[in-house]
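Chemist: Numbering (the numbering used here), first residue to last: -11 to 67.
The beta carbon of each residue, even a glycine, is placed where N, CA and C say it ideally should be.
From a predicted model like this one, the values you see are computed outputs, not experimental measurements.
Below you will find the structure I want to go over with you.
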Amino acid sequence: MKDAELLELWAALEPGPRRRSRIETRLFEWLEADETPIAAEWLRLLKFEPLTVLAYASAGALSLAFLSPVGWVLSLLLA
């Protein structure tokens, strides 16, 4: 939600100061509850999407094998 949209909503509702304070409190509580640490998001990724994690691990292993000097030496030795 952008600031302009928020100001437009306030103008349409025109709550009193007391009601505005309660709305702002609830809004900020909701925003703070939605924020999660990055470690929790990684754990959620590992827990719920194992295929995505496998794809990321495979891409990382292939990039190390083909793009690193160690991979070049191994490919020369195997060819």
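With Ser56 as the anchor, note down where its alpha helix (DSSP H) starts and where it stops.
Modeler: Here Ser56 belongs to no alpha helix (DSSP H), and DSSP marks it neither H nor E.
Chemist: I need the DSSP call for Ala67, collapsed to helix, strand or coil.
Modeler: In this structure, Ala67 counts as coil in the three-state DSSP scheme.
Chemist: Quick one: what's got a C-beta closer than 8 Å to Leu(-3)'s C-beta in the same chain, skipping five residues either side?
Modeler: Closer than 8 Å at Cβ, skipping near neighbours: no residue.
Chemist: Give the straight-line distance between the Cα atoms of Ala(-1) and Trp30, rounded to the nearest whole angstrom.
Modeler: For Ala(-1) and Trp30, the distance between alpha carbons rounds to 40 Å.
Chemist: So what's Glu2 in DSSP terms, helix, strand or just coil?
Modeler: Correct three-state label for Glu2: coil.
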